[in-house]
Amino acid sequence: MSMTNAPVSIKTTTLATIQIVTSEMTYYGPIILLVIGIFGCMCNFITFTAPQLRKNSCAFYFLMSAVFELVSITFGLISRFAADNLGSTLINTDPVYCKLRAYLVSALPLIATYLILLSSIDRCMSSSVSARLRSFSQMKIAYRAILVAILMGFLSCIHILIAYDLRPRCGVLNGALSIFDGMFVVFWLGIIPHILMFIFGFLTFMNIRRTKRRIANKPSENTGSVVEAQR
Numbered sequence: 002m003s004m005t006n007a008p009v010s011i012k013t014t015t016l017a018t019i020q021i022v023t024s025e026m027t028y029y030g031p032i033i034l035l036v037i038g039i040f041g042c043m044c045n046f047i048t049f050t051a052p053q054l055r056k057n058s059c060a061f062y063f064l065m066s067a068v069f070e071l072v073s074i075t076f077g078l079i080s081r082f083a084a085d086n087l088g089s090t091l092i093n094t095d096p097v098y099c100k101l102r103a104y105l106v107s108a109l110p111l112i113a114t115y116l117i118l119l120s121s122i123d124r125c126m127s128s129s130v131s132a133r134l135r136s137f138s139q140m141k142i143a144y145r146a147i148l149v150a151i152l153m154g155f156l157s158c159i160h161i162l163i164a165y166d167l168r169p170r171c172g173v174l175n176g177a178l179s180i181f182d183g184m185f186v187v188f189w190l191g192i193i194p195h196i197l198m199f200i201f202g203f204l205t206f207m208n209i210r211r212t213k214r215r216i217a218n219k220p221s222e223n224t225g226s227v228v229e230a231q232r
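Under the working numbering, the first residue of the sequence shown carries the number 2, and numbering increases by one thereafter.
Structure follows, in structure tokens:
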């Protein structure tokens, strides 16, 4: 009898242990992520506000990205922690808060991602051999580009205010809106910006190689000119 009940007892103990571990991770995980995220953003603030970087357009893109990352991390994690562990029912009882939270936790990281993309474009422009392209790497261009990125980020997420509602819990509505929202996250927030970052990163690498070749060829050209002059 005891031999028969032993596997059942072990299985019950294992399930109880898994539940305890899951509960602890749900409670402490967001706290750890919040601390690490805030610490990382603070380090970015210190780095990109250094006197030698204050007029650097690429550093300014990173700085603004860190601002949106900080707001996204603090709002998203604290609101989720309150709902999961502090008994807050606002997310599942107030349709306005449900829509607003879903909108912000999508729009804020989206803007942060595209600001990093702008920094990679800026590096590509600044490393170009073309003076015209290098002229795009300056603060006045950065101000305008950041404003466009912010507006684009908030406007592109407008559909979330329609797609999310209480059903009875806060979530995306079924049907075409659900499919569109899933595709939006995969492509607009995931695939497209990261592919563009890779492309502009590769172009920056090629620009640097091209510049190094030009610098390496200059001494031989100067030597040839001196020899011709001596003749």
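Here a beta-carbon is modelled for each residue, glycine too, at the ideal position from N, C-alpha and C. Predicted model, so just to flag it, every value in this text is computed and none were measured.
- Message: Is the separation between the beta-carbon of Ser129 and that of Asn208 shorter than 8 angstroms?
- Response: yes
- Is the beta carbon of Leu35 less than 8 angstroms from the beta carbon of Leu78? yes
- Hey, Gly38 and Ile74 are a contact pair by Cβ (cut 8 angstroms); roughly how many whole angstroms apart? 4 angstroms
- Message: Going by DSSP in three states, Cys171 sits in which element: helix, strand or coil?
- Response: strand
- contact_flag[the stretch 103-111, the stretch 144-159] where n(CB pairs < 8 angstroms) is 3 or more: yes
- Query: Quick one: what does DSSP say Asp95 is sitting in, helix, strand or coil?
  - Reply: coil
- Item | Chain-order list of residues whose beta-carbon lies under 8 angstroms from that of Pro169 (same chain, five-residue window excluded) | Asn93
- Query: Would the stretch 82-90 and the stretch 50-58 be scored as touching if the rule is three or more Cβ pairs under 8 angstroms?
  - Reply: no
- Message: Tell me which residues share the same chain as Tyr98 and place their Cβ nearer than 7 angstroms to its Cβ, disregarding the 5 neighbours each side in the sequence.
- Response: Leu91, Ile92
- Query: Less than 8 angstroms separating the beta-carbons of Ala103 and Tyr62?
  - Reply: no
- Query: Leaving out five residues before and five after Met126 in sequence, what residues of the same chain have Cβ atoms less than 7 angstroms from its Cβ?
  - Reply: Leu134, Arg135, Phe137, Ser138
- For the stretch 173-209, list the alpha helix (DSSP H) runs that are entirely contained and at least 4 residues long, ordered along the chain. Counting whole runs of 4 or more residues, the stretch 173-209 contains the alpha helix (DSSP H) stretches 177-184.
- Task: State the DSSP-derived secondary structure class of Val228, mapped to helix, strand or coil.
- Result: With a pLDDT of only 45 at Val228, under the threshold of 50, the placement of this residue in the model should not be trusted; the figure read from the coordinates follows. It is helical.
- Asn57 - containing alpha helix (DSSP H), residue span: Where Asn57 is concerned, there is no enclosing alpha helix (DSSP H), given that its DSSP letter is neither H nor E.
- Residue(s) in a DSSP beta bridge with Tyr28: Paired residues: none, contrary to the question.
- Message: Can you check whether the C-beta of Leu71 is within less than 8 angstroms of a C-beta belonging to chain C?
- Response: Structure shown: chain C not included; a single protein chain is present.
- To the nearest angstrom, report how far apart Leu101 and Glu25 are at their CA atoms. Approximately 28 angstroms between the Cα atoms of the pair.
- Item | CA-to-CA distance, Asp182 to Ile213, given in whole angstroms | Residue 213 is actually Lys in this sequence, not Ile. Using only the alpha carbons, I get a separation of about 45 angstroms.
- Message: What I want to know is whether the C-beta of Ser136 ends up closer than 7 angstroms to one or more non-hydrogen atoms of the ligand MN.
- Response: Absent from the structure shown: the ligand MN. Ligands present: none.
- Query: Of the residues Val72, Arg81, Ser107, which one's Cα is nearest the Cα of Cys42?
  - Reply: Val72
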